[in-house]
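By the numbering used here, the letter at position 211 of the sequence shown is numbered 211, and the numbering carries on one by one without gaps.
The beta-carbon is built from N, C-alpha and C at its ideal position, and this holds for glycine as well.
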Amino acid sequence: MTSANWTLHRSFFWVLSPLLSGEEGHHVHVPVYASGSEVLQKLQEKWNSTKQQRYPAMYSSVVGGIVLDPSMMVIPIDDHMVHRGHGVFDTAMISDGYLYEVDSHLDRLLISAAKAKISSPFPRETLRAILVQMTAASKCRNGSIKYWLSAGPGDFLLSPKGCTGPAFYAVVVASGSGVDGAPAAGHARLREGVRAITSMVPMKHPFFAAMKSVNYLPNALAMAEAEERGAYASVWVDDAGDVAEGPMMNVAFVTGDGDLVVPAFDRVLSGCTARRLLALAPRLVDAGMLRSVSAASISATDAKRCAEMMFVGSGLPLLPIVEWDGKPVGDGRVGKIVLALFDMLCEDMKTSPERVIVPYD
Ligand SMILES: Cc1ncc(COP(=O)(O)O)c(C=O)c1O
Numbered sequence: 001m002t003s004a005n006w007t008l009h010r011s012f013f014w015v016l017s018p019l020l021s022g023e024e025g026h027h028v029h030v031p032v033y034a035s036g037s038e039v040l041q042k043l044q045e046k047w048n049s050t051k052q053q054r055y056p057a058m059y060s061s062v063v064g065g066i067v068l069d070p071s072m073m074v075i076p077i078d079d080h081m082v083h084r085g086h087g088v089f090d091t092a093m094i095s096d097g098y099l100y101e102v103d104s105h106l107d108r109l110l111i112s113a114a115k116a117k118i119s120s121p122f123p124r125e126t127l128r129a130i131l132v133q134m135t136a137a138s139k140c141r142n143g144s145i146k147y148w149l150s151a152g153p154g155d156f157l158l159s160p161k162g163c164t165g166p167a168f169y170a171v172v173v174a175s176g177s178g179v180d181g182a183p184a185a186g187h188a189r190l191r192e193g194v195r196a197i198t199s200m201v202p203m204k205h206p207f208f209a210a211m212k213s214v215n216y217l218p219n220a221l222a223m224a225e226a227e228e229r230g231a232y233a234s235v236w237v238d239d240a241g242d243v244a245e246g247p248m249m250n251v252a253f254v255t256g257d258g259d260l261v262v263p264a265f266d267r268v269l270s271g272c273t274a275r276r277l278l279a280l281a282p283r284l285v286d287a288g289m290l291r292s293v294s295a296a297s298i299s300a301t302d303a304k305r306c307a308e309m310m311f312v313g314s315g316l317p318l319l320p321i322v323e324w325d326g327k328p329v330g331d332g333r334v335g336k337i338v339l340a341l342f343d344m345l346c347e348d349m350k351t352s353p354e355r356v357i358v359p360y361d
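Here's what the structure looks like:
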């Protein structure tokens with residue numbers, strides 16, 4: 001036996017020995033809570049110790065109503081979304097007491113659900129009414145709502161046949177805990193811009209990338225990868241060399257000639273913010289600040305020659321990228337087009353006729 005082998009065997013023995021002797025088990029006392037009230041008390045203690053007051057309301061179709069106690073904001077463990085990832089989700093911003101773009105986010109939720117073979121427990125208008133009433137009950141005026149359609153609770157099998165029926169869950173997340181973290185951090189990022197890297201995490205197949213399912217493991221790994229390398233987020237480039245998207249946002253570019261290009265949505269999530277940007281940006285063409293606006297393929301090589309680059313997504317809504325893979329984007333400073341587009345989207349959040357007023361008491 002070589003010395004390397006011996007080291008391996010020795011450590012194997014040390015790992016195994018406590019298990020064999022049962023020592024571990026002797027010192028562990030696992031409490032058994034037979035009554036729901038004891039469990040509730042434990043959950044409330046746990047929740048209160050976190051001092052987080054960020055989730056002022058939740059809706060659950062399993063409960064059949066709105067829940068205000070955060071310790072009771074739970075999902076059944078046998079829900080197909082929990083143990084098989086068979087669920088889809090979406091989000092929308094609450095801005096000064098209005099829900100912004102909630103209809104396009106709700107439409108996208110239903111498109112994702114159809115692709116994932118999940119039916120809705122309610123008609124679209126009921127889902128919408130639930131979201132509006134939950135937001136009103138939360139009293140939250142700035143933040144976001146997140147909501148899920150799931151194949152629902154049932155058995156623990158892979159087939160959804162054993163599920164008792166689809167479920168709808170939703171939650172309000174108060175401002176300061178969204179995509180962008182604290183508002184002050186958001187302002188600094190807007191002023192200074194952020195760094196991006198090209199992701200090494202394999203991209204999702206277009207079929208899965210185009211639906212907003214709960215399977216965000218590649219996205220979470222892409223985010224972690226960026227943070228480990230000192231970047232704000234990463235960007236996927238597909239096998240053909242074309243720019244795809246970020247892990248929770250789209251990207252957009254301004255060429256040196258003033259063309260705004262958003263990578264086409266055929267292989268990535270059709271972002272509601274990016275679509276709104278495409279609808280509003282022609283105003284900058286009228287103002288002579290841009291030459292054209294389009295959703296089109298753009299290679300990473302061409303993208304890296306652009307004058308400006310930005311992340312686009314709910315909660316940002318735009319974030320200038322000043323460095324990509326260690327090289328400056330344009331002159332390495334926040335550009336004037338991204339700032340003009342940012343102002344335009346912020347104005348839209350305040351004035352869009354499609355905003356939905358929340359009927360607070
Ligand atoms: C993978 C991915 N791409 C793009 C987006 C941007 O979409 P939206 O503008 O609708 O937030 C998101 C955010 O949901 C996302 O998760």
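Where DSSP assigns a beta bridge to residue i, which residues make up the other side?
{"i": "Trp324", "result": "Ala196, Lys327"}
{"i": "Thr301", "result": "Paired residues: none, contrary to the question."}
{"i": "Asn250", "result": "Val312"}
{"i": "Phe168", "result": "Leu149"}
{"i": "Val173", "result": "Ser144"}
{"i": "Ile357", "result": "Tyr98"}
{"i": "Asp259", "result": "Ser292"}
{"i": "Leu319", "result": "Phe311"}
{"i": "Val243", "result": "Val237"}
Judging by CA-CA distance, which residue of the options is the nearest neighbour of residue i?
{"i": "Phe89", "options": "Asn48, Gly154, Met248", "result": "Met248"}
{"i": "Pro353", "options": "Ala210, Ser60, Ala137, Tyr100", "result": "Tyr100"}
{"i": "Leu68", "options": "Ala209, Val235, Ala170, Glu347", "result": "Ala170"}
{"i": "Leu284", "options": "Asp325, Met344, Ala240", "result": "Met344"}
{"i": "Ala240", "options": "Arg267, Arg275, Ser112, Gln41", "result": "Arg267"}
{"i": "Val334", "options": "Pro76, Leu190, Met289, Arg355", "result": "Leu190"}
{"i": "Ser95", "options": "Ser175, Lys327, Leu341", "result": "Ser175"}
{"i": "Ile130", "options": "Ile298, Tyr147, Gly193", "result": "Tyr147"}
{"i": "Arg195", "options": "Pro359, Lys350, Gly326, Ala340", "result": "Gly326"}
{"i": "Ala300", "options": "Thr351, Pro282, Val235, Ala281", "result": "Val235"}
{"i": "Lys119", "options": "Gln41, Ala151, Ala274", "result": "Note that residue 119 is Ser in the sequence shown here, rather than Lys. Among Gln41, Ala151, Ala274, the Cα nearest to that of Ser119 belongs to Ala151."}
{"i": "Ala274", "options": "Asp238, Val237, Leu316", "result": "Leu316"}
{"i": "His201", "options": "Leu149, Gly246, Ala167", "result": "The question names His, yet the displayed sequence has Val at residue 201. Nearest of Leu149, Gly246, Ala167 to Val201, Cα basis: Gly246."}
{"i": "Phe207", "options": "Ser199, Ala231, Ile75, Ala113", "result": "Ala113"}
{"i": "Leu277", "options": "Leu341, Gly332, Asp78", "result": "Leu341"}
{"i": "Leu280", "options": "Ile298, Met72, Cys346, Glu45", "result": "Cys346"}
So residue i and residue j are supposed to be a Cβ contact under 8 Å. How far apart are they, rounded?
{"i": "Val329", "j": "Val322", "result": "6 Å"}
{"i": "Ile66", "j": "Tyr59", "result": "5 Å"}
{"i": "Trp47", "j": "Pro31", "result": "That pair is no contact at about 18 Å."}
{"i": "His105", "j": "Cys272", "result": "6 Å"}
{"i": "Arg291", "j": "Asp259", "result": "5 Å"}
{"i": "Tyr98", "j": "Ile337", "result": "About 27 Å; that fails the 8 Å criterion."}
{"i": "Asp155", "j": "Gly165", "result": "Their Cβ separation, rounded to whole angstroms, is 13 Å, which puts Asp155 and Gly165 out of contact at 8 Å."}
{"i": "Ala226", "j": "Ala233", "result": "5 Å"}
{"i": "Val172", "j": "Thr135", "result": "6 Å"}
{"i": "Arg124", "j": "Leu110", "result": "6 Å"}
{"i": "Ala92", "j": "Val102", "result": "4 Å"}
{"i": "Val261", "j": "Ala210", "result": "Their Cβ separation, rounded to whole angstroms, is 19 Å, which puts Val261 and Ala210 out of contact at 8 Å."}
{"i": "Pro121", "j": "Ala167", "result": "7 Å"}
{"i": "Pro76", "j": "Val62", "result": "6 Å"}
{"i": "Ala222", "j": "Ser199", "result": "5 Å"}
Where in the segment 35 to 106 do unbroken runs of the beta strand (DSSP E), each at least 3 residues long, occur, reported from the N-terminal end onward? 57 to 60, 65 to 67, 87 to 95, 98 to 100
Going along the chain, which unbroken runs of the beta strand (DSSP E) with 3 or more residues stay wholly within the segment 186 to 241? 194 to 198, 233 to 235
Meets three-Cβ-pair contact criterion under 8 Å: the segment 240 to 255 and the segment 301 to 311: yes
With a floor of 4 residues, list each alpha helix (DSSP H) that falls wholly inside the segment 273 to 297, ordered by position along the chain. 282 to 286
Counting Cβ pairs closer than 8 Å, one from the segment 76 to 88 and one from the segment 210 to 217, do we hit at least three? yes
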